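A.B. asks:
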Amino acid sequence: MTANWGGGYVTDIHYDHGYYREQSPTQLRLACLLSGVAVDLPQEGAHYLELGCGQGIGALVVAASNPSWRVTAVDFNPAHVAAARALAREAGLGNVTFLEADLTEFAETATAAALPEADIVTMHGVWSWVAPAVRAGIVRLLKAKLRAGGIAHVSYNALPGWQGLLSMQRLVREAGIRLAARSDRQAQAGFALLREMAATEPHGLTADSRMTAWLAEVGGYTGTYLAHEFMNAHWSPCWQADVAADMAEARLDWVGSAGLIENFAELAMTAPQRAIYDRFEDPAMRELLKDLCAARTLRHDIYMRGARRMTVGARDAALSELTLALIVPQDRVQLEVQVAAGRAELSPAFYGPVVAMLGAGPARVAELLHAPGAVATRENPAELAGLLVGTRQAAVVARPGAAPTEASLSLNAALARRLAMTENLNRAAVLASPMLGAGLPCATADLFVAGQKMAGRTEPDLEAWVAQLGETLDAENQGRLREALARGWDEMLPLMRRLGTVPA
Ligand SMILES: C[S@@+](CC[C@H](N)C(=O)[O-])C[C@H]1O[C@@H](n2cnc3c(N)ncnc32)[C@H](O)[C@@H]1O
Numbered sequence: 047m048t049a050n051w052g053g054g055y056v057t058d059i060h061y062d063h064g065y066y067r068e069q070s071p072t073q074l075r076l077a078c079l080l081s082g083v084a085v086d087l088p089q090e091g092a093h094y095l096e097l098g099c100g101q102g103i104g105a106l107v108v109a110a111s112n113p114s115w116r117v118t119a120v121d122f123n124p125a126h127v128a129a130a131r132a133l134a135r136e137a138g139l140g141n142v143t144f145l146e147a148d149l150t151e152f153a154e155t156a157t158a159a160a161l162p163e164a165d166i167v168t169m170h171g172v173w174s175w176v177a178p179a180v181r182a183g184i185v186r187l188l189k190a191k192l193r194a195g196g197i198a199h200v201s202y203n204a205l206p207g208w209q210g211l212l213s214m215q216r217l218v219r220e221a222g223i224r225l226a227a228r229s230d231r232q233a234q235a236g237f238a239l240l241r242e243m244a245a246t247e248p249h250g251l252t253a254d255s256r257m258t259a260w261l262a263e264v265g266g267y268t269g270t271y272l273a274h275e276f277m278n279a280h281w282s283p284c285w286q287a288d289v290a291a292d293m294a295e296a297r298l299d300w301v302g303s304a305g306l307i308e309n310f311a312e313l314a315m316t317a318p319q320r321a322i323y324d325r326f327e328d329p330a331m332r333e334l335l336k337d338l339c340a341a342r343t344l345r346h347d348i349y350m351r352g353a354r355r356m357t358v359g360a361r362d363a364a365l366s367e368l369t370l371a372l373i374v375p376q377d378r379v380q381l382e383v384q385v386a387a388g389r390a391e392l393s394p395a396f397y398g399p400v401v402a403m404l405g406a407g408p409a410r411v412a413e414l415l416h417a418p419g420a421v422a423t424r425e426n427p428a429e430l431a432g433l434l435v436g437t438r439q440a441a442v443v444a445r446p447g448a449a450p451t452e453a454s455l456s457l458n459a460a461l462a463r464r465l466a467m468t469e470n471l472n473r474a475a476v477l478a479s480p481m482l483g484a485g486l487p488c489a490t491a492d493l494f495v496a497g498q499k500m501a502g503r504t505e506p507d508l509e510a511w512v513a514q515l516g517e518t519l520d521a522e523n524q525g526r527l528r529e530a531l532a533r534g535w536d537e538m539l540p541l542m543r544r545l546g547t548v549p550a
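The opening residue of the sequence shown carries number 47 in this note's numbering; numbering runs sequentially from there.
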């Protein structure tokens with residue numbers, strides 16, 4: 047029987063296990079600084095609140111990576127809450143609480159009233175997928191619970207990025223609810239009809255070439271993801287300015303993007319586009335122009351309750367004090383990256399020596415700016431930190447030198463036991479790190495290797511591991527898995543050890 051308590055949100059299929067670095071406290075802090083906004087987030091004792099936490103991986107990782115913090119995570123799906131609580135118990139994590147509550151009315155409950163003010167509130171995959179009444183409830187909660195100077199993160203499907211794809215979602219959902227029962231099957235049935243319909247080339251569907259890309263790639267997505275993306279009754283992409291107007295009701299100011307690269311106008315737009323953008327100061331107008339140029343479908347926006355602008359000097363001083371660490375093996379760092387405006391190259395004359403210095407271990411931005419042999423035309427800590435972290439090759443280190451805790455290691459072992467499995471091989475994984483104060487994103491093969499290490503392995507056993515993790519794969523994919531596991535042991539394990547995600 048189909049559940050009907052979700053107010054139009056999918057409840058019959060549980061969501062995937064995901065970790066999103068845009069929700070990590072260190073990345074949020076860095077994004078605020080890049081936007082020239084002062085951050086007074088306490089290093090210890092902060093309260094982090096996540097709304098619509100799904101399986102709770104993000105909240106668990108933030109809690110394990112910040113042992114002195116309190117983490118509260120809310121979701122209305124009892125299966126999600128039960129699974130997250132079970133993982134917290136298995137890991138022995140005492141600083142995270144999962145609450146089963148509907149955000150439509152949570153702000154008015156005694157439970158919410160009893161919560162301390164939050165330093166950070168994050169929500170990924172919630173805003174544009176739920177009904178207006180839920181969004182209104184979220185705004186009331188932010189108004190009641192985000193402290194002055196606190197940071198809010200909200201991701202949502204964005205316009206005009208989705209504009210040409212609205213008919214695709216509409217057809218998938220309308221067809222799906224008529225053709226199948228469970229929502230993952232509905233999404234699949236919807237896509238089957240979309241494929242058939244698209245072959246007849248109706249203008250209303252095929253105007254946006256990304257529809258063809260969706261059809262080509264849909265097999266790579268889990269049924270769960272497709273159900274939660276496409277089958278919600280109130281699915282509705284938003285304009286940045288409209289979300290900002292809703293957030294203003296809670297006295298929140300728009301700050302910038304947690305997708306760090308997007309804060310660099312020169313990487314988001316071509317020179318002629320930027321010339322128009324530069325004529326405006328109003329952030330809403332600037333974001334509209336940026337969104338027209340990049341047509342991104344997902345935004346990760348940051349708000350602050352009372353954003354205080356810093357001088358450029360103060361901002362650069364704060365950025366220079368940050369410590370960075372590589373989160374990919376040094377040999378795999380890419381200096382050429384794809385950005386919205388095309389391909390960008392991080393100058394090898396400067397970034398080559400910077401990366402070499404980071405290869406030896408975490409370093410302060412102030413030191414990296416003067417890495418031996420680095421040639422630069424000017425000191426630019428924002429570019430250095432923003433590009434290295436924004437291209438997902440480095441992370442901010444919250445507590446340089448901090449050792450893993452019993453709970454962080456035991457969460458990592460539990461994540462490996464539960465999630466390092468064949469069906470997750472194409473999905474991203476994560477390990478908690480008190481040194482980073484956030485998760486270390488990694489491949490599922492790396493998570494498996496970490497689990498083996500924590501179970502006492504001192505040598506890789508690639509054949510046995512491929513048999514265990516890739517039993518159902520064909521020979522070609524088993525070969526790829528063998529390589530990924532070998533890389534995990536040889537290249538990622540030293541990094542995982544250095545960043546305190548597995549024992550030294
Ligand atoms: C797309 S999922 C994202 C989950 C998680 N944040 C992630 O990214 O993995 C949206 C989540 O919001 C929850 N949700 C939807 N409507 C809600 C409501 N009214 N109150 C509380 N949670 C809700 C769903 O149960 C689901 O877990």
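All residues carry an ideal CB built from backbone N, CA and C; glycine is no exception.
Owing to the predicted nature of the structure, the values given are computational and were not obtained by experimental measurement.
#1: Is DSSP giving residue 284 helix, strand or coil here?
#2: Starting from the C-beta of residue 93, find all residues in its chain whose C-beta is less than 6 Å away, skip the five residues before and the five after it, and write them out in chain order.
#3: Hey, how far is the Cα of residue 632 from the Cα of residue 449?
#4: Would DSSP call residue 146 helix, strand or coil?
#5: Candidates 79, 54 and 510: which alpha carbon is nearest residue 280's?
#6: Can we count residue 123 as close to ligand 1, meaning its CB is less than 7 Å from some heavy atom?
#7: Cβ of residue 286 within 8 Å of Cβ of residue 211?
#8: If you compare alpha carbons, which of 430, 410, 366 and 405 is closest to residue 393?
#9: Helix or strand or just coil, what does DSSP make of residue 47?
#10: Residue 530 and residue 501: beta carbons closer than 8 Å?
#11: Identify the residues that DSSP records as bridge partners of residue 204: which are they?
#12: Would you mind working out which of 207, 171, 152 and 215 sits nearest residue 189, comparing C-alpha positions?
#13: Hey, out of 119, 171, 186 and 140, whose CA is closest to residue 150's CA?
#14: I'd like to confirm the pairing. Which residues does DSSP put opposite residue 440 in its beta bridges?
#15: Roughly how many angstroms separate the alpha carbons of residue 248 and residue 218, rounded to a whole number?
#16: Taking the DSSP output, what are the residues bridged to residue 169?
#17: DSSP three-state call for residue 218: helix, strand or coil?
#18: Would residue 396 and residue 428 qualify as a contact pair, given that the criterion is a beta-carbon distance under 8 Å?
#19: At a cut of 8 Å, does the stretch 170-183 reach the stretch 73-85 through at least three beta carbon pairs?
#20: Is the Cβ-Cβ distance between residue 367 and residue 424 less than 8 Å?
#21: Can you determine whether any heavy atom of ligand 1 sits closer than 7 Å to the C-beta of residue 280, and answer yes or no?
#22: Taking the beta carbon of residue 105 as the centre, do at least 16 other beta carbons fall within 10 Å, making it buried, or is it exposed?
#23: Hey, would you say the C-beta of residue 172 is under 7 Å away from at least one heavy atom of ligand 2?
#24: Report the rounded CA-to-CA distance for residue 50 versus residue 147, giving the unit in angstroms.
#25: Is residue 163 helix, strand or coil by DSSP?
#26: For ligand 1, is there a heavy atom less than 7 Å away from the beta-carbon of residue 64?
#27: On the premise that residue 167 lies in contact with residue 198, defined as a C-beta separation below 8 Å, what is that separation, rounded to the nearest angstrom?
#28: Run the proximity test for residue 99: is its beta-carbon closer than 7 Å to any non-hydrogen atom belonging to ligand 1?
#29: DSSP state of residue 126, grouped into three classes?
#30: Give the range of the beta strand (DSSP E) segment to which residue 300 is assigned.
#31: Secondary structure at residue 78, three-state DSSP: helix, strand or coil?
#32: In the DSSP assignment, what are the bridge partners of residue 479?
#33: Excluding sequence positions up to five away, which residues of its chain have a Cβ less than 6 Å from the Cβ of residue 70?
#34: By DSSP's criteria, residue 95 is part of a beta bridge. Which residues make up the other side?
#35: Do residue 352 and residue 497 count as a contact pair if the criterion is CB distance below 8 Å?
C.D. replies: Inspection of the coordinates gives the following:
#1: strand
#2: 116, 162, 164 and 165
#3: Residue 632 is absent from the model: the chain starts at 47 and stops at 550.
#4: strand
#5: 54
#6: yes
#7: no
#8: 430
#9: Bear in mind that a pLDDT of 41 at residue 47, under 50, signals an unreliable position, so the model cannot answer this.
#10: no
#11: 284
#12: 152
#13: 186
#14: 372
#15: 15 Å
#16: 200
#17: helix
#18: no
#19: no
#20: no
#21: no
#22: buried
#23: Within the structure as shown, ligand 2 is missing, the only ligands being ligand 1.
#24: 16 Å
#25: coil
#26: yes
#27: 5 Å
#28: yes
#29: helix
#30: 299-303
#31: helix
#32: 484
#33: 484
#34: 118 and 167
#35: no
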